[in-house]
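**Q** Using the numbering used here, count along the sequence shown one by one with no gaps and you end on 517. We put the CB at the ideal spot given by N, CA and C, even for glycine. Since this is a predicted model, take the numbers as computed values, not measurements. A single structure is presented below for examination.
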Amino acid sequence: MGVISNAFVLTIIFVGGLYYANCILDPRSSLSKNAKNMKLKHKPALVSHRGGRGIKPENTIEAMKYSYENYDADMIETDIHITKDGDFIFIHDDTLERITNGTGFIKDHTLAELKQFDFGYWFTDGKRYPYRGKGVHCNTLREGYEEFKDKDTIMSVEIKDRDITVIDKLVDYLNNLPGYEKFMCFCCANHTMATYFKEKTNHQLCYEASEIDVIGYVIATSLGITNLWYYFIPNENRFFHVPFISIGGIDFLNKRMLQILPKIDLEIMYFTINNKRDAAICIGKKCDGLTSDRPDIIEELLHCITERELVHNERFNGVISLDAKDISWECESIYCKFIDSVTSTIPIPLIFICSIFIINICLFSIIHILVTILSLPFNLFKKKIE
């Protein structure tokens, strides 16, 4: 048989074996007890992005409290960075310039220095700066803990630092916050840091997916091998945060992508939905949760569509930040656009099978070349004898 025919046969055997294994195996979950106890009050859940940055200065206790008290946020999403003196403050960026009147990296300032900056300085609707000089300062993870430890909401905390040594300092910091594991769920986009954090906390906390975890989920669901994937790589993440819109031809609200979720104790929060039409679509498809800069909009729609009770039957009439545009999150990366253009034209399983076929062709070609080279001395010797 030739190289191509051998490659074709091996591809059929490999792909067939893959899907057969997927049929006979059951997916597994390895959630901790704390993660299993982390329950959302409502479905779909209202997730307040950066505390609700569309209506209050982002990642401040003021924003978080407002979202919880006025819109009954089921989850408050926030970010942390380490300070020079080893504290942790709520902030998305690693520098001060975008939201404060300060400059420089967070890690180069002590907490006392950071408290001097105005964290509402750049909050604007394009005309007004309503929080300038109003005493809006940064808040620490401990302050967030004290505020929400007795409230029925989940704090989703993303560790933004990319220095793995920060994990050791964070674990020591958390050990001084008794009961934090009952309402805090942690995320590291960087997979190496996420894995190390899980090891340092003995896999006993509530965790959210890293970027690699999400990519794995996308690969498994797109190829239809979720049972196989999660049998060998049991899920230990309580929540995923994924874009609402299609990325790279992947529709995260597709039924095929959602049917595995109950089997592995996983729920998906869709970000960042500030557009009423997109929110209505997400709610209509019974998504697990909506992450938004505008909790006021989401609460109103949830009330209309699912009859969720309103905390206050009043519309927000304050200043809306320009950061909370009336659109959902968009991926403008050239990589997203390239992948989207390819996968929207060619089905992902077909790309996978063709890739396996090409790999097998290369494999058999290499084997054929090696066999030819190794047999040369023997053939020359044979000719001399003849």
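For SER160, which of helix, strand or coil comes out of DSSP?
**A** If DSSP states are grouped into helix, strand and coil, SER160 belongs with the strands.
**Q** Sorted by chain position, which residues of the same chain lie with C-beta nearer than 7 angstroms to HIS173's C-beta, five sequence neighbours on each side aside?
**A** Contacts found: ASP205, ARG439.
**Q** Assuming contact is defined by CB atoms lying nearer than 9 angstroms, are ASP239 and ILE222 in contact in what I supplied?
**A** Their beta carbons are not under 9 angstroms apart, which means ASP239 does not touch ILE222 by this criterion.
**Q** Would you kindly work out how many angstroms separate the C-alpha atoms of ALA351 and PRO393, rounded to a whole number?
**A** Rounded to the nearest angstrom, the two C-alpha atoms are 15 angstroms apart.
**Q** Could you tell me whether the Cβ atoms of PRO175 and LEU433 are closer together than 9 angstroms?
**A** Contact flag set, yes.
**Q** Taking 6 angstroms as the limit between beta carbons, can you name the residues of its chain near ILE479, skipping five residues before and five after?
**A** Contacts found: SER353.
**Q** Start and end of the alpha helix (DSSP H) containing VAL178?
**A** Counting along the chain, VAL178 falls outside any alpha helix (DSSP H), though it belongs to the beta strand (DSSP E) covering 176–179.
**Q** Looking only at its own chain, which residues have a Cβ that is under 8 angstroms from the Cβ of TYR150, when we skip the five neighbours before and after it?
**A** Closer than 8 angstroms at Cβ, skipping near neighbours: GLY355, ILE356.
**Q** Cβ atoms of TYR199 and GLU430: under 9 angstroms apart, would you say?
**A** No. Outside cutoff.
**Q** Identify the continuous alpha helix (DSSP H) that holds TYR311 and give its terminal residues.
**A** Neither: TYR311 is in no alpha helix (DSSP H) and is coded neither H nor E.
**Q** What are the boundary residues of the beta strand (DSSP E) that GLU277 is part of?
**A** Unbroken run through GLU277 is the alpha helix (DSSP H), 272–279; no beta strand (DSSP E).
**Q** Hey, out of GLU312, CYS319, THR326, HIS212, whose CA is closest to THR241's CA?
**A** Nearest C-alpha to THR241: HIS212.
**Q** Out of ILE414, GLY449, HIS443, state which residue places its alpha-carbon closest to the alpha-carbon of THR437.
**A** Nearest of ILE414, GLY449, HIS443 to THR437, Cα basis: ILE414.
**Q** Under the DSSP definition of a beta bridge, which residues are partnered with PHE219?
**A** Answer is ILE213, bridged to PHE219.
**Q** Have a look at GLY183 and ALA194 and give me their C-alpha separation to the nearest angstrom.
**A** Looking at the two C-alpha atoms, the distance is approximately 6 angstroms.
**Q** Can you grab the Cα-Cα spacing for the pair LEU501 / VAL146, in whole Å?
**A** One C-alpha to the other measures close to 26 angstroms.
**Q** Suppose the cutoff is 6 angstroms on Cβ atoms and the five residues either side in sequence are ignored; what does the same chain contact list for CYS337 look like?
**A** Result list for CYS337: ASN165, ALA166, MET169, CYS316, ARG369, in chain order.
**Q** Are there 16 or more other CB atoms within 10 angstroms of the CB of LEU421, so buried, or fewer, so exposed?
**A** Buried.
**Q** LEU421 by DSSP, collapsed to three states: which one?
**A** Three-state result, LEU421: strand.
**Q** Give me, in chain order, the residues of the same chain whose beta-carbon lies closer than 7 angstroms to that of ALA411; leave out the 5 immediate sequence neighbours on both sides.
**A** Within the same chain, ALA411 has close Cβ partners LEU432, ILE436.
**Q** Identify whether PHE145 lies in helix, strand or coil by the three-state DSSP scheme.
**A** Residue state, collapsed to three classes: helix.
**Q** The alpha helix (DSSP H) with HIS434 in it runs from where to where?
**A** Residues 426–437.
**Q** Taking only the alpha-carbon atoms, compute the straight-line gap between VAL140 and ILE489 and give it to the nearest angstrom.
**A** Between VAL140 and ILE489, the C-alpha separation is close to 12 angstroms.
**Q** Taking 9 angstroms as the cut-off, decide whether the C-beta atoms of ILE343 and HIS372 are in contact.
**A** The answer is no: Cβ separation not under 9 angstroms.
**Q** Assuming CYS269 contacts LYS246 under a Cβ cut-off of 8 angstroms, what Cβ separation, rounded to an integer in Å, is found between them?
**A** CYS269 to LYS246, Cβ: 6 angstroms. Contact.
**Q** In chain order, what residues of the same chain have a beta carbon less than 8 angstroms from the beta carbon of ILE487, not counting five sequence neighbours either side?
**A** If we look at ILE487 and ignore the five residues flanking it on each side, its Cβ neighbours are THR142, PHE145, VAL146.
**Q** Distance check for LYS187 and TYR197, CA to CA, integer angstroms please.
**A** In a straight line, the C-alpha of TYR197 is about 8 angstroms away from that of LYS187.
**Q** Classify PHE363 as buried or exposed, calling it buried when 16 or more other Cβ atoms lie within 10 Å of its own Cβ.
**A** PHE363 is exposed by the Cβ-count criterion.
**Q** Going straight from the alpha carbon of SER218 to that of ALA243, what length do you get?
**A** This sequence places Asp at residue 218; Ser is not what is there. ASP218 and ALA243: Cα-Cα distance of roughly 10 angstroms.
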